[in-house]
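Here the structure comes first, spelled out in structure tokens, and everything after it is commentary.
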Amino acid sequence: MEKKSPIISIKNLHFTYPDGTVALKGVNLTIQEGESIALVGKNGSGKSTLIKHLNGIYQGDRGEITVDGLPVIEENLQTIRGLIGMAFQDPDNQLFCPTVYDDVAFGPINMDVDEMALHKRVQESLEKMGLMDLADCPSHNLSFGQQKRAAMATILSMRPKIMIFDEPTSNLDPKNEAVITEIIANLPYTRILISHDLPILYQVCQKVVVMDDGRIDAIMSMEDFITNRQLLRKNGLDFTFKCDCCNGHNHEHRHNQIEKKSLSF
Amino acid sequence: MKPDIDRYWRLESPIHSWDPRLKILTLIILAFSISSVHHISTAFGCLFISILILQLTKIPFSFSLKRLAAVTMFVGPFFLIMPLTVKAQSGDTIYFFTHLKFLEINTRGLLLAARVYLKAVSIVLLTVPMFGTNRFDISIKALERLKVPNSIIQMLLFSYRYIFVFLSELKRMSLAMKLRKFSPATNFHTLRTYGNFLGTLLVRSFERTEEVYHAMLSRGYKGILKIRFEYRAKAADFFKSSLIFMAIFGIIYFDRFFKGF
């Protein structure tokens with residue numbers, strides 16, 4: 010059987026910030042096309058630093074990264090940045106154009122998409138995010154939930170192969186959280202989610218990559234991860250939640266065998 | 252005061268429908284010609300033209316008046332300084348107090364201050380029709396069509412965008428200070444607190460700028476801001492410009508050949 014090449018491959022990646030803080034200490038990771046990965050770990054464990062290497066925002070001191078077969082080097086950066094859509098934690102940092110429409114069009118314009126296709130892409134992305142009415146609105150006038158959705162529209166319009174979300178549901182009310190989670194869950198892309206919000210990770214991701222102190226601490230399935238209390242606790246992700254479990258009764262304990270479909274958070 | 256100069260861009264007026272490129276170019280030339288005026292009577296005429304253009308925009312006059320506060324703050328002191336400092340020439344009227352003879356008030360200085368003030372006010376009033384009758388980005392994009400370098404365009408657009416971020420950051424931090432019972436006084440503690448406040452604001456702004464830059468790079472930014480907008484100048488736009496040019500010639504002619512006061 011032919012072995013599929015990974016869409017992202019990271020080998021022995023090391024990175025130190027200019028102030029001397031060692032952020033990544035030999036990270037090795039491969040991600041296959043179509044996978045949904047939860048990247049978890051304590052604050053300062055190197056998650057955000059790692060994802061900023063994938064599209065060349067940071068350049069590692071050692072090691073190599075390939076995205077869709079292309080090494081992340083200066084010559085390939087424009088192509089790679091078209092392949093990866095990255096939604097940052099604070100949407101306000103992602104929305105810098107005068108209007109929502111301009112923000113959504115910013116990526117495709119830089120990718121030299123022609124006028125007709127550009128308009129179509131922007132319309133589609135705004136429609137998907139339910140922001141058609143706010144297309145001409147200045148980004149700074151949007152509510153936080155709308156800003157989050159607009160930030161997602163900005164990367165959807167680029168039609169990337171890989172989407173990376175850094176804390177997509179942080180500071181959102183339950184309604185907006187549900188909307189964003191549903192949108193992310195239905196995206197037909199390779200997805201990497203950084204979050205401390207276990208319910209969304211559980212809903213979207215099948216695989217968990219745990220980072221600790223600049224290293225990959227563990228790679229496991231989502232089921233194994235959420236039943237591993239010790240690992241959750243170690244990474245500051247311990248949680249207690251009520252769930253409607255297999256028998257429909259509410260309680261606050263962990264089942265050894267969790268039927269994924271029966272869980273609702 | 253909210254800094255959004257384009258708050259009334261949705262209104263409909265002859266100035267709003269004017270092609271942004273022609274409008275900015277024409278009004279900039281008008282502003283330069285106002286600055287070249289030598290007589291106070293012409294300066295009054297310029298103020299009248301500025302107010303007339305402003306009225307045509309249908310933008311509430313109170314909106315523009317607020318913008319004059321800054322001008323008054325800078326140019327207002329001229330009314331105090333210039334009558335006292337302008338060197339006396341033959342024909343000048345000078346007033347002085349019997350007991351304070353060193354304090355001479357030269358009326359020519361007063362007129363000079365009034366002329367500077369009138370010119371400044373006329374020009375500042377013009378910025379509202381210039382940039383307040385279209386969305387700010389469209390006005391700035393028009394500047395690009397007028398061959399203003401892309402780096403300046405980017406600086407203007409991002410500065411404008413980040414005024415709002417900066418202000419909200421400022422509000423958040425000052426609220427946090429108030430909630431912890433900070434009340435300014437004339438002491439070292441207040442000075443140190445304001446120092447920390449400004450320092451933190453700068454550091455936060457810097458960090459934020461870095462994040463924005465990363466977001467831009469992630470979306471394929473290569474150092475040049477690509478702008479797509481179609482401008483189409485119609486005959487009516489040229490007609491409006493030609494009316495203003497007639498006013499400009501009128502100002503220059505009146506200022507040169509009719510010696511006012």
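Going down the list, the protein sequences come from chains A and B. The first sequence begins at 10 in the working numbering and counts up one residue at a time. The second sequence begins at 252 in the working numbering and counts up one residue at a time. The C-beta atom is built at its ideal place from N, Cα and C for all residues, glycine as well. Note that the structure is a prediction, hence the values are computed from the model and not measured.
Cβ shell of residue i (< 7 Å), same chain only, five flanking positions each side left out
i        : result
A/Gly78  : Ser14
A/Val31  : Thr25, Gly223
B/Lys392 : Ile478, Phe480
B/Val367 : Val326, Phe329
A/Arg90  : Asn64
A/Cys214 : Ser45, Ile46, Ala47, Leu202, Met231
B/Val322 : Ala371, Val372, Val375
B/Phe417 : Ser456
Buried/exposed call for residue i, threshold 16 Cβ in 10 Å
i        : result
A/Glu176 : buried
B/Lys317 : exposed
A/Val81  : buried
A/Ile93  : buried
B/His440 : exposed
A/Pro107 : buried
A/Asp233 : exposed
B/Gln306 : exposed
A/Val36  : buried
B/Ile594 : Look at the range of chain B in this structure, 252 to 512, and you will see that residue 594 of chain B is not part of it.
B/Trp267 : Position check: residue 267 of chain B holds His in this sequence, whereas Trp was assumed. The residue is buried, with at least 16 neighbouring Cβ atoms inside 10 Å.
A/His62  : buried
A/Thr88  : exposed
A/Asn244 : buried
B/Phe382 : buried
B/Arg507 : exposed
B/Met324 : exposed
A/Gln239 : exposed
A/Ile173 : buried
A/Asn52  : exposed
B/Lys338 : exposed
B/Leu303 : exposed
B/Asn385 : buried
A/Leu33  : buried
B/Thr344 : exposed
B/Gly342 : exposed
B/Leu421 : exposed
A/Phe105 : buried
A/Tyr110 : buried
Nonlocal neighbours in the same chain, by C-beta distance under 8 Å from residue i, ignoring five residues either side
i        : result
A/Ser166 : Val113, Ala114, Gly116, Pro117, Arg130, Val131, Glu133, Ser134
A/Lys170 : Ile16, Glu42, Asp77, Leu92, Ile93, Tyr198, Thr199
B/Arg396 : Arg272, Tyr482
B/Thr277 : Lys491, Ser492, Ile495, Phe496
A/Leu181 : Phe153, Gly154, Lys157, Ile189
B/Asn401 : Glu395, Ile475, Leu476
Beta-carbon contacts of residue i that lie in its chain and below 6 Å, excluding the five residues immediately before and after
i        : result
A/Asn256 : Confidence at A/Asn256 is low in this model, with a pLDDT of 48, below 50, so the placement of that residue should be treated as unreliable; the coordinate-derived value is given next. Cβ neighbours of A/Asn256 beyond the five flanking positions: none.
B/Phe387 : Asp257, Tyr411
A/Ser18  : Thr39, Thr75
A/Glu186 : Thr178
B/Ile403 : none
B/Leu369 : Ala294, Leu298
Evaluate the contact criterion for the stretch 188–197 of chain A versus the stretch 152–166 of chain A: three or more CB pairs, one atom per stretch, below 8 Å.
yes
With a threshold of 8 Å, are at least 3 pairs of Cβ atoms found where one atom belongs to the stretch 487–507 of chain B and the other to the stretch 139–147 of chain A?
no
Please identify, using Cβ separations under 8 Å, the residues of the stretch 111–143 of chain A that lie next to chain B, in order along the chain.
Asp111, Ala114, Phe115, Gly116, Ile118, Asn119, Met120, Glu124, Leu127
Select from the stretch 403–418 of chain B all residues with a C-beta closer than 9 Å to any C-beta belonging to chain A, and list them in chain order.
Leu408, Phe409, Tyr411, Arg412, Tyr413, Phe415, Val416
Would you say the stretch 114–124 of chain A touches the stretch 471–482 of chain B, given that touching needs at least three Cβ pairs under 8 Å?
yes
With a threshold of 8 Å, are at least 3 pairs of Cβ atoms found where one atom belongs to the stretch 96–103 of chain A and the other to the stretch 447–455 of chain B?
no
Just checking, does the stretch 359–372 of chain B make contact with the stretch 332–350 of chain B on the three C-beta pairs under 8 Å criterion?
yes
Could you check whether the stretch 457–469 of chain B touches the stretch 368–376 of chain B, counting it as contact only if at least three pairs of C-beta atoms, one from each stretch, sit closer than 8 Å?
no
With 7 Å as the C-beta to C-beta threshold (strictly closer), list the residues of the stretch 290–319 of chain B near chain A in chain order.
none
Tell me the start and end of each unbroken alpha helix (DSSP H) in the stretch 104–147 of chain A that is at least 4 residues and wholly inside, in chain order.
109–119, 124–137
Whole alpha helix (DSSP H) runs in the stretch 263–332 of chain B with 4 or more residues, listed along the chain?
271–286, 291–308, 312–326
At 4 residues or longer, and completely inside the stretch 32–101 of chain A: list those alpha helix (DSSP H) runs for me, N to C.
56–63, 86–92
Listed from N- to C-terminal order along the chain, which residues in the stretch 477–500 of chain B have their beta-carbon within a distance smaller than 7 Å of any beta-carbon of chain A?
Lys477, Arg479
Go through the stretch 191–251 of chain A residue by residue and report every complete run of the alpha helix (DSSP H) that reaches 4 residues or more, in order.
207–213, 231–235, 238–243
Got a sec: which bits of the stretch 455–470 of chain B sit with their beta carbon under 8 Å from any beta carbon on chain A, in order along the chain?
Arg459, Glu462, Val463, His465, Ala466, Met467, Leu468, Ser469, Arg470
Counting only Cβ-Cβ distances shorter than 8 Å, please list the residues of the stretch 43–64 of chain A near chain B, keeping chain order.
Lys61, Asn64
When you check each C-beta in the stretch 380–396 of chain B against every C-beta of chain A, which residues fall closer than 9 Å?
Arg386, Phe387, Asp388, Ile389, Ile391
At what residue ranges does the stretch 330–377 of chain B contain a whole run of the beta strand (DSSP E), taking only runs of 3 or more?
345–347, 355–357
For the stretch 147–176 of chain A, list every residue whose C-beta sits within 7 Å of some C-beta in chain B, in sequence order.
His149, Thr163, Met167
Please list the residues of the stretch 75–94 of chain A that have a C-beta atom closer than 9 Å to any C-beta atom in chain B, keeping them in chain order.
Leu86, Gln87, Arg90, Gly91, Ile93, Gly94
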